[in-house]
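**Student:** Under the working numbering, the first residue of the sequence shown carries the number 15, and numbering increases by one thereafter.
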Amino acid sequence: MNFIDNQAIYLQIADKVCENILTQKWVNGERIPPVREIAVNMEVNPNTANRAYDFLQSYGIIFNKRGIGYFVADDGYEKAVAYRKKQFIEEEVPQFLKTMKLVGVTCTELENYYQTLK
């Protein structure tokens, strides 16, 4: 996986796990790959992958069954949506709006473009 420099690697891994949940590659109640497998696949230290899982567990998106592994929570999809929505609004929208202002894109232009995408 190609990581970006301005965000912690464990958060990028957490985002990838959320993406798998949001695209329903992994569904509520389903076992997800073990920490070691994620670490190998993403070419990171297992501690980094574990930190990503701990982070997602703190949001209630995934949970750990001791001795069995990690699972998507029963409401994991909904919690992943809420987490990503909050992240989008707090981190990406401000930069987007700043760029809009810098290049002179109006809300009307944006709305018109949005309508063409539907």
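No residue lacks a Cβ here, since even glycine has one placed at the ideal position from N, Cα and C.
Go through its chain and collect everything with a Cβ distance to Phe17's Cβ below 7 Å, but skip five positions before and after it.
**Tutor:** Counting from 1 along the sequence shown, the entry for residue 17 is found at position 3. For Phe17, where only same-chain residues beyond five positions count, the Cβ hits under 7 Å are Ile23, Gln26.
**Student:** Quick one: what does DSSP say Gly83 is sitting in, helix, strand or coil?
**Tutor:** Numbered from its first residue, the sequence shown carries residue 83 at position 69. The answer is strand: DSSP assigns Gly83 an E or B state.
**Student:** With a threshold of 7 Å on Cβ separation, who are the neighbours of Gly43 within its own chain once the five nearest residues in sequence on each side are excluded?
**Tutor:** Along the sequence shown, one-based indexing puts residue 43 at 29. Counting only Cβ-Cβ distances below 7 Å, and skipping sequence neighbours, we find Phe85, Val86, Asp88.
**Student:** Going straight from the alpha carbon of Phe102 to that of Ser72, what length do you get?
**Tutor:** Residue 102 sits at position 88 when you count from the first residue of the sequence shown. Residue 72 sits at position 58 when you count from the first residue of the sequence shown. CA-CA distance, Phe102 to Ser72, rounds to 19 Å.
**Student:** By Cβ distance, which residues of its chain are closer than 7 Å to Arg98, with the 5 residues on each side in sequence left out?
**Tutor:** Here residue 98 refers to the residue found at position 84 when the sequence shown is read from its first residue. Cys32, Leu36.
**Student:** Less than 6 Å between C-beta atoms, sequence neighbours within five positions excluded: which residues of the same chain meet that for Gly83?
**Tutor:** Walking along the sequence shown from the start, residue 83 turns up at place 69. Correct list, in chain order: Arg45, Pro48.
**Student:** Applying the criterion that 16 or more other CB atoms from any shown protein chain within 10 Å of the CB defines a buried residue, is Arg80 buried or exposed?
**Tutor:** Locating residue 80 in the sequence shown gives position 66, counting from the first residue. When all chains shown are included, Arg80 counts as exposed.
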